[in-house]
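A.B. asks: Taking our numbering, the leading residue of the sequence shown gets 941, the next gets one more, and so forth.
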Amino acid sequence: MNEFYKDEYANTLSSTDYQFAKQHLSLKGLLKPFKGKGEYETILQEIESHLSRLENIAERLINDTRDKLPIKYLPFYLKKRRLSNGSVYLSWKYKKIVIVDGKTSRTEIEGKRLILDALEQNNLSHEDKNFIRQLEIDRLTLNFQMRVCIRIRHLINEMLPKFDELNTN
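(1) Just to confirm the assignment, what range does the alpha helix (DSSP H) spanning L1018 have?
(2) Alpha carbon to alpha carbon, how far is K975 from R1053? Give it in angstroms, no decimals.
(3) Alpha carbon to alpha carbon, what distance is there between S1031 and L1095?
(4) Might you give, ordered along the chain, the residues of its own chain that have their beta carbon closer than 7 Å to the beta carbon of I1055, omitting 5 neighbours on each side?
(5) If you pair each beta-carbon of the stretch 985-992 with each one of the stretch 1062-1072, do three or more pairs fall below 8 Å?
(6) Quick one, which of M1086, T956 and L953 has its alpha-carbon nearest L1023's?
(7) If I measure Cβ to Cβ from T952 and keep anything under 6 Å in the same chain, skipping five residues before and after, which residues do I get?
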């Protein structure tokens, strides 16, 4: 990284971004015998809180990298997408604007291929490539954690009505 442009560079995620996860939600806590519906509801609340925090981290990552080097000079950017199950995930988006006969046409491409292509470019410095690699690792990590939490939430939501059935019989 050029020291002259140090303040222009974005920051990737650090272990402090995930400090809340170490303190609140653990897979060990999910692998214990639950005593009833109340414990499942407590875990569900923790997962909702965890998802909210992960979404905040994702939003910060997008905002912190959007107008910073090296991303601001590349033809792609991070974008947040919300799925029908309520989860959020980050993807790379490439926007190409073409003007033909005075009409503007936009082509948007998503995917990891954008990153792999960028890492093969010779016009990026070693530091820029390392930054892009770390940003991709951050994106993959956030997406993985979101998926795990969404899956656990789904399983618990399937389980809760079964407790109600037991209590009515």
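Glycine included, C-beta positions come from ideal geometry on N, C-alpha and C.
As the structure is a prediction and not an experimental result, all values here were calculated from the model.
C.D. replies: The relevant details are as follows:
(1) Careful: L1018 lies outside any alpha helix (DSSP H), inside the beta strand (DSSP E) at F1016 to R1022.
(2) 47 Å
(3) Each residue's alpha carbon lies about 25 Å from the other.
(4) W1032, I1072 and E1076
(5) no
(6) M1086
(7) Hits under 6 Å: Q1074, L1075 and D1078.
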